[in-house]
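Below: the structure, in structure tokens.
Number of protein chains: 2
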Amino acid sequence: MARADSAETVTGWASRRAIDLWVVLGPSVHLAAAAQDGAIVRPVDDPSTFAIFETMRSAGVDDVRRVGVAAREVAGLGAGRRAGAGAVIGVADVSEQAAALLAAEPDAVVAEAEFADLYALRYAADRPFRPQVLLNPGPALTSEAVKRAAAGVDMCHREPEFTLLERGLREKLLRAAEVGTGWRLALMSGSGTGADEMAIRAAVRPGRRLLVVVNGVYGERLRAMAERADIGVVVSQRGWTEPADPEEIELLLASEHDVDAVAVVHHETTTGLLNPVAAIAKTAQDFDVRVVVDGVSSFGVEDLTLEESGVDFLACSSNKCLQGLPGAAFVYVSPAGLERLAEVPPTSVYLDLGAYLQGEDRGSVPFTPAIPALAALDAALDELFVVGPAEHRRRYAERAATLDAVLAGLGLEPIVAPEHRSRTVRSVPLPASLDYQPLHDELKRHGYVIYAGQGPLAKEIFRVCCMGTLEPAVLEAFGHRLGAAIERQAVPA
Amino acid sequence: MARADSAETVTGWASRRAIDLWVVLGPSVHLAAAAQDGAIVRPVDDPSTFAIFETMRSAGVDDVRRVGVAAREVAGLGAGRRAGAGAVIGVADVSEQAAALLAAEPDAVVAEAEFADLYALRYAADRPFRPQVLLNPGPALTSEAVKRAAAGVDMCHREPEFTLLERGLREKLLRAAEVGTGWRLALMSGSGTGADEMAIRAAVRPGRRLLVVVNGVYGERLRAMAERADIGVVVSQRGWTEPADPEEIELLLASEHDVDAVAVVHHETTTGLLNPVAAIAKTAQDFDVRVVVDGVSSFGVEDLTLEESGVDFLACSSNKCLQGLPGAAFVYVSPAGLERLAEVPPTSVYLDLGAYLQGEDRGSVPFTPAIPALAALDAALDELFVVGPAEHRRRYAERAATLDAVLAGLGLEPIVAPEHRSRTVRSVPLPASLDYQPLHDELKRHGYVIYAGQGPLAKEIFRVCCMGTLEPAVLEAFGHRLGAAIERQAVPA
Chain A
1 MARADSAETV TGWASRRAID LWVVLGPSVH LAAAAQDGAI VRPVDDPSTF AIFETMRSAG
61 VDDVRRVGVA AREVAGLGAG RRAGAGAVIG VADVSEQAAA LLAAEPDAVV AEAEFADLYA
121 LRYAADRPFR PQVLLNPGPA LTSEAVKRAA AGVDMCHREP EFTLLERGLR EKLLRAAEVG
181 TGWRLALMSG SGTGADEMAI RAAVRPGRRL LVVVNGVYGE RLRAMAERAD IGVVVSQRGW
241 TEPADPEEIE LLLASEHDVD AVAVVHHETT TGLLNPVAAI AKTAQDFDVR VVVDGVSSFG
301 VEDLTLEESG VDFLACSSNK CLQGLPGAAF VYVSPAGLER LAEVPPTSVY LDLGAYLQGE
361 DRGSVPFTPA IPALAALDAA LDELFVVGPA EHRRRYAERA ATLDAVLAGL GLEPIVAPEH
421 RSRTVRSVPL PASLDYQPLH DELKRHGYVI YAGQGPLAKE IFRVCCMGTL EPAVLEAFGH
481 RLGAAIERQA VPA
Chain B
1 MARADSAETV TGWASRRAID LWVVLGPSVH LAAAAQDGAI VRPVDDPSTF AIFETMRSAG
61 VDDVRRVGVA AREVAGLGAG RRAGAGAVIG VADVSEQAAA LLAAEPDAVV AEAEFADLYA
121 LRYAADRPFR PQVLLNPGPA LTSEAVKRAA AGVDMCHREP EFTLLERGLR EKLLRAAEVG
181 TGWRLALMSG SGTGADEMAI RAAVRPGRRL LVVVNGVYGE RLRAMAERAD IGVVVSQRGW
241 TEPADPEEIE LLLASEHDVD AVAVVHHETT TGLLNPVAAI AKTAQDFDVR VVVDGVSSFG
301 VEDLTLEESG VDFLACSSNK CLQGLPGAAF VYVSPAGLER LAEVPPTSVY LDLGAYLQGE
361 DRGSVPFTPA IPALAALDAA LDELFVVGPA EHRRRYAERA ATLDAVLAGL GLEPIVAPEH
421 RSRTVRSVPL PASLDYQPLH DELKRHGYVI YAGQGPLAKE IFRVCCMGTL EPAVLEAFGH
481 RLGAAIERQA VPA
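Residue numbers (my numbering), protein chains in the order written: chain A, 1 to 493; chain B, 1 to 493.
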């Protein structure tokens, strides 16, 4: 249900109601909103699984995920759950009755008069909560297995089953990064920004400074993290489409002797620009300076060798190129990074990298972990290994090539030079006379979500990103919609 | 599937396999592990939803969640998904075939020889990943609706549908707290500890100090947060079973004139001790000093009036008494708290309360939010309002009374005096000659997960907590198991 594999899938997402058949089990419920929206509504007396299946057969619906069950009694709701219905709605007009229905684990309990509002939000052909082709740079489209893992069993994080999940996840993440045994991994609950800040705070000894490359919003953010943590900074400022310059880094390291670490964003999501992390790390290594890399929107898709590269702290998140859900973030730490960490007194409790590594030693975590996000990431990595990490990168490269070809066919040239482009994000100048919002809105009506520019670029570009469970055919279909929208919205000169 | 409503449910969780019927759709797959575990295995040629339903009927299984589908082809996996099967497993012995099966969105893809390992982890009668009665202080048992919400549609956090989710969630959280229009709410991705630290960093102006009540692990943690953020502290130290003393707070505030805020844990999960937050806040208000409350394990269940109480920052999490999933945390901020925030320069990017409030103004969030955890919390609040917040608190009080009666019946007296006990956690001295681990393990075999003591209490007590979707009858059944385990394990004098 969340894999954009063809233009037909996307059209279905953009136009179809969520539920085709509503079965009212037991006492009567009036579901006018569903009927008016074109769904089939069938009353059934017998609150049993097989009665629901029979109704599906007679209505010509063969997918339980497109069947809704509404009932006023626990028996009917239970049958809906046992049948795997895509919606199970309890209906009660008195509050004690409503509370009693929770025992049957419905998706929602409403008064009959409230059904129309619930229907409009979740199930109608024009509902706001629907699958769409997410062309924003994460959260990305994720697979059914990833979502189902997030909805797995509740567990206590001090039990062996959590340790089993957590150790397996660590092992997969270390394998995905192809690092040796001296590397460690800190797993936290939060966004990539949290992981970035944790790494920055661990990398610089008191009284030393951080050299930060700034050529986009995320480089600016790394600088702010250091400044707010009272870490002095040296800035290598570049234009937003100019990659970092390793020679400039070398000159700065040669002249500023109190620099303890360099921080750089691998992929500036602001524009889709890759920074030459390998060359910077090599230079820093020559100066015995640690290297912090924001790999939040690059890890798993862009080429980066970690082992003996000079990279010491790599901050990543669960929800972008690895195709997990948002909520978990992590930092890889090199052997030299571990030595540095030991010399830096912690300046935060929640963002204390050392605490997370000590947790690892015990097969645990220092604070209540976001178990659903970890389970989802674990499932996403299983899928990554089914495909193979190298093939995963190759597919992203192929997709990016498709997207570039689609844009070129429309005469659109991304603002970043081809040799510096990532495998995911493209920043495209808005064609003359077009505004972002109407372009966005027209594409969204067809099922595609594009992304605005940030800061000074907000009025000049739009962004298209091809992370997640989507296929090249969908990018081609998107191209047709984009071309048509530009043509329709262009003001004649 | 995750509501502990009776002793029978718990016995089923502890002993039943996850899947009763495996349907092999299309080409043959050998599922020896399932057959040996007592599951029915049926080959079916026709890869259709209705063929699966017919097989269920003939096998006497009426719950699709207890049906597994294994197939070597996309068609069979697709039928399994459309039938709502509880497990959909792709089987492929060559890696290109395995990757191709992902198109059908299976839960996992394995080689035939790997099925036994997957089966042992996820589906066997003695699998580690199974529902259990979680008697630890969060993550707690959550409802099916909460889990399904976490597995909802992928969305971009800059789109109106996210704003709709986020505004609705805010409105519900503010309603649950019964605060007036001057109050604000910061929603973050992380654990309750992250929310605590964000509040601490916002509450104290440079050069001023924080008065911290320390009578448990979480009070210690608040102190560490302040110290690591370079905020001077004044400590009101109490024994771990002694509630904070408002008179001592008053004396300290009268003598230490540079104290800018008081921080106190409402419910010390360490022991199950409630601190007298209302009295402390009232005292602090008299001194015009701000109040930070850790409400992580109390909010929604313990009595606390916020409006005009003197409480200025209340940090909470999604996964305890509100019965959502872990991954989201939030801070309520009073009008006076907002004024304070404006005077405190941010000392972190990720833990900058102001940034989250600015996000609120735009109907957005500063960093990629943990959307699944937010959607789950939204669903949990819907259930809370179906029951009613006052009734929710009453039920927790009733449960705690049941638990106290159960423990008293076994001659076990919690270490916290009755008048200071919370509505959730009980710290119970280990009966003479008993060790924690064997007691824990025996109870776990019957489906109950108890929790160890922390720090110096680790060898002296065990904890029992009644958060989550569980009913008093289950606590009584737990009592019987606990009594039997104590009797069995006690060494004769």
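The C-beta atom is built at its ideal place from N, Cα and C for all residues, glycine as well. The model shown is predicted, which means the values in this text are computed figures rather than measured ones.
Among the residues of its own chain, which have a CB less than 7 angstroms from the CB of residue i, if the five just before and after it don't count?
i, result
"residue 205 of chain A", "260, 343, 344"
"residue 467 of chain A", "137, 138, 140, 320, 321, 424"
"residue 346 of chain A", "352, 354"
"residue 20 of chain B", "39, 40, 61, 66"
"residue 281 of chain B", "291, 309, 310, 311"
Using 10 angstroms around the beta-carbon of residue i, count the other beta-carbons present and answer buried if the total reaches 16, otherwise exposed.
i, result
"residue 23 of chain A", "buried"
"residue 399 of chain A", "buried"
"residue 438 of chain A", "exposed"
"residue 45 of chain B", "exposed"
"residue 243 of chain A", "buried"
"residue 257 of chain A", "exposed"
"residue 494 of chain B", "With chain B represented from 1 up to 493, any question about residue 494 of chain B goes unanswered, as that position is not in the structure."
"residue 147 of chain A", "buried"
"residue 132 of chain A", "buried"
"residue 11 of chain B", "exposed"
"residue 154 of chain A", "buried"
Bridge partners of residue i, per DSSP?
i, result
"residue 311 of chain A", "Its beta-bridge partners do not exist; DSSP assigns none."
"residue 187 of chain A", "A:330"
"residue 557 of chain B", "This structure cannot settle anything about residue 557 of chain B, because the visible part of chain B is limited to 1 through 493."
"residue 317 of chain B", "B:329"
"residue 43 of chain A", "A:24"
"residue 267 of chain A", "A:274"
"residue 67 of chain B", "B:21"
"residue 89 of chain B", "B:70, B:108"
"residue 237 of chain B", "B:214"
"residue 232 of chain A", "A:209"
"residue 293 of chain B", "B:264, B:314"
"residue 448 of chain A", "A:133"
So, for residue i: in the same chain, excluding its five sequence neighbours on each side, which residues have a beta-carbon less than 8 angstroms away from its beta-carbon?
i, result
"residue 158 of chain A", "364"
"residue 494 of chain B", "The displayed coordinates of chain B run from 1 to 493. Any statement about residue 494 of chain B would go beyond what the structure contains."
"residue 475 of chain B", "399, 402, 403, 406, 466"
"residue 29 of chain A", "70, 71, 72, 91, 112, 115"
In its own chain, which residues sit with a C-beta less than 6 angstroms from the C-beta of residue i, not counting the 5 before and 5 after it?
i, result
"residue 110 of chain B", "118"
"residue 306 of chain A", "177, 179"
"residue 98 of chain B", "92, 109"
"residue 412 of chain A", "428"
"residue 479 of chain B", "406"
"residue 5 of chain B", "471"
"residue 447 of chain B", "10, 13, 14, 132, 133"
Return the Cβ separation of residue i and residue j in integer angstroms, given the expectation that the two are a contact with Cβ distance under 8 angstroms.
i, j, result
"residue 277 of chain A", "residue 203 of chain A", "Contact doesn't hold; Cβ gap of about 15 angstroms is too wide."
"residue 378 of chain B", "residue 168 of chain B", "6 angstroms"
"residue 63 of chain A", "residue 426 of chain B", "That belief does not hold up - the Cβ atoms of residue 63 of chain A and residue 426 of chain B are roughly 47 angstroms apart, past 8 angstroms."
"residue 78 of chain B", "residue 104 of chain B", "5 angstroms"
"residue 181 of chain A", "residue 2 of chain A", "In fact, because the Cβ distance is near 36 angstroms, the residues do not count as touching under 8 angstroms."
"residue 212 of chain B", "residue 263 of chain B", "5 angstroms"
Inset, instruction - Quick one: which residues of the region 126-141 of chain A get their C-beta closer than 8 angstroms to a C-beta of chain B? List them in chain order. - result: When C-beta distances to chain B are compared with 8 angstroms, the residues of the region 126-141 of chain A below that value are 128, 129, 130, 131, 132, 134, 136, 138, 139, 140, 141, in chain order.
Just by C-beta distance, which residues in the region 343-359 of chain A are closer than 9 angstroms to chain B?
345, 346, 347, 348, 349, 350, 351, 352
- Message: So if I threshold CB-CB distances at 9 angstroms, which residues from the region 72-92 of chain B count as touching chain A?
- Response: 79, 81, 82, 83, 84, 85, 86, 88, 90, 92
If contact means a Cβ-Cβ distance below 7 angstroms, which residues of the region 8-38 of chain B contact chain A?
So the list is empty, because no residue satisfies the distance condition.
- Query: Quick one, which residues of the region 51-75 of chain B are near chain A if we go by CB-CB under 7 angstroms, in chain order?
  - Reply: Those would be 53, 57, 62, 63, 64, 65, in chain order.
- Task: Compile a chain-ordered list of the residues in the region 214-225 of chain B whose CB is closer than 7 angstroms to at least one CB of chain A.
- Result: 221, 224, 225
Contact list for the region 150-161 of chain B against chain A, Cβ threshold 8 angstroms | The region 150-161 of chain B vs chain A, Cβ under 8 angstroms: 150, 151, 152, 153, 154, 155, 156, 157, 158, 159, 160, 161.
Residues within the region 225-259 of chain B neighbouring chain A, beta-carbon criterion of under 8 angstroms
225, 228, 229, 230
- Message: At a CB distance below 7 angstroms, what residues from the region 325-344 of chain A approach chain B? Give them in sequence order.
- Response: Hits within the stretch, in order: 325, 326, 327.
Worksheet item: Taking Cβ-Cβ distances below 7 angstroms as the criterion, which residues of the region 357-381 of chain A are in contact with chain B?
Response: 367, 368, 369, 370, 371, 372, 373
| task | Quick one: which residues of the region 390-411 of chain A get their C-beta closer than 8 angstroms to a C-beta of chain B? List them in chain order. | result | 391
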